[in-house]
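All residue numbers for the sequence shown refer to the working numbering, where the first residue is 10 and numbers rise by one.
Ideal placement from N, C-alpha and C gives every residue a C-beta, glycine not left out.
Below: one structure, written as C-alpha cells.
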Amino acid sequence: MAVKRIVFSPTGGTDNVAKLIANNINKDHSTIDLCDSTLDLKKIRIDKNDTVIIAMPSYGGRAPSIAIN
Ligand SMILES: Cc1cc2nc3c(=O)[nH]c(=O)nc-3n(C[C@H](O)[C@H](O)[C@H](O)COP(=O)(O)O)c2cc1C
C-alpha cells in the first residue's frame, strides 16, 4: 500500500497542510503536483489499496477537480 499526495496549490498553503498530513501517515509518500504543467495525467496510477490524499484550495467558490481514468 502506497501513500500518494495529489495537490493543486498555486501559492503553497494547501500543499503545506497536505504535506503534514501525508508525512504523519508515511514520510515516504509520493507527490503528484497538479500545478506542474509538464505532468502527464495519463501516467498517474492509483491502486485500490493506495491511500490518496487530495488537497486543493477554493478559488471563486470553486475547487479544481481532477479526472481519474
Ligand atoms: C482569485 C482567488 C479566489 C479565491 N476564492 C476563494 C473562495 O471562493 N473561497 C475561499 O475560501 N477562499 C478563496 N480564496 C483563497 C484561497 O483559497 C487561499 O488563498 C488559499 O490558501 C490558496 O491556497 P494555496 O496556498 O494552496 O494556493 C481565493 C483566492 C484567490 C487568489
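{"Check": "Paired residues, beta bridge with residue 16 - DSSP", "Outcome": "42, 64"}
{"Check": "Check whether residue 66 and residue 44 have beta carbons under 7 Å apart", "Outcome": "no"}
{"Check": "Distance cut-off 6 Å: residue 73 Cβ against heavy atoms of ligand 1", "Outcome": "no"}
{"Check": "Option nearest residue 39 by Cα separation, candidates 68, 28, 74", "Outcome": "28"}
{"Check": "Rounded C-alpha distance that separates residue 73 from residue 49", "Outcome": "17 Å"}
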